[in-house]
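Heads up, the thing below is written out as C-alpha cells.
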Amino acid sequence: MTEETGRRNLRMPNGDELFATVTEHNGGNHVRVRCADGKNRMGRIPGRMKYRTWINEGDVVLVEPWDWQDEKANIEWRYSEQDADQLRQEGHIE
C-alpha cells in the first residue's frame with residue numbers, strides 16, 4: 001500500500017478566509033454559519049454559487065468575513081462530504 005491514500009489537494013483558507021459549518025438555512029441566499037474562530041455569522045451565498053452549489057445544514061464551507069461588518073460573511077467555497085472528512089482527519093476542522 002502506498003502513502004497516496006486518495007488525498008486530494010483541497011482549497012485552503014487564504015487571507016481572511018475561515019472554515020465554517022452551516023448551522024441553519026435562513027431562506028433566499030442567506031445561511032447562519034459557525035466559524036472556526038468561534039463566532040456565529042450570517043453567511044451570504046454569492047450569485048455565482050447560488051444555483052450551482054446547494055448548501056445544506058451541516059456543510060463545511062469557506063467564508064470570508066466582511067471588513068466593515070464582522071457579523072456577516074461571504075461564502076466562498078463549499079466542501080463535499082468526502083473533502084470535509086479529509087479536513088477532519090488532517091486536523092484542520094473539528
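Under the UniProt record's numbering, think of the first position of the sequence shown as 1, with each following residue one higher. The C-beta atom is built at its ideal place from N, Cα and C for all residues, glycine as well. Only a predicted model underlies this, so the values are computations on that prediction, with no experimental measurement involved.
Tell me the residue span of the alpha helix (DSSP H) that contains residue i.
| i | result |
| --- | --- |
| Asn78 | Strictly speaking, residue 78 in this sequence is Arg, with Asn absent from that position. Here Arg78 belongs to no alpha helix (DSSP H); instead the beta strand (DSSP E) covers 72-78. |
| Arg48 | 47-50 |
Quick one: residues in its chain with C-beta nearer than 6 Å to the C-beta of residue i, no 5 flanking neighbours on either side, listed in chain order?
| i | result |
| --- | --- |
| Arg11 | Trp77 |
| Thr2 | In this predicted model, Thr2 has a pLDDT of only 35, less than 50, meaning its place in the structure is not dependable enough to derive any value. |
With DSSP collapsed to three states, give me the class of residue i.
| i | result |
| --- | --- |
| Glu24 | strand |
| Met1 | Confidence at Met1 is low in this model, with a pLDDT of 34, below 50, so the placement of that residue should be treated as unreliable; the coordinate-derived value is given next. Reduced to three states, the DSSP call for Met1 is coil. |
| Pro13 | coil |
| His92 | coil |
I need the boundaries of the beta strand (DSSP E) containing residue i, first residue and last residue.
| i | result |
| --- | --- |
| Met42 | 40-44 |
| Leu87 | It is not in any beta strand (DSSP E) - Leu87 instead sits in the alpha helix (DSSP H) that spans 81-89. |
| Glu57 | Neither: Glu57 is in no beta strand (DSSP E) and is coded neither H nor E. |
If you count every other CB in all the chains shown that lies within 10 Å of the CB of residue i, and 16 or more means buried, which is it?
| i | result |
| --- | --- |
| Glu17 | buried |
| Asp85 | exposed |
| Asp59 | buried |
Can you list, in chain order, the residues of its chain with a C-beta nearer than 7 Å to that of residue i? Leave out the 5 residues immediately preceding and following it.
| i | result |
| --- | --- |
| Arg34 | Ala20, Thr21, Thr23, Asn40 |
| Asp37 | Leu18 |
| Met49 | Ile75 |
For residue i, verify whether its CB is less than 8 Å away from any heavy atom of the ligand HEM.
| i | result |
| --- | --- |
| Arg11 | The model depicted lacks the ligand HEM and carries no ligand whatsoever. |
- Query: When the Cβ atoms of the region 19-30 are set against those of the region 38-48, are three or more pairs found closer than 8 Å?
  - Reply: yes
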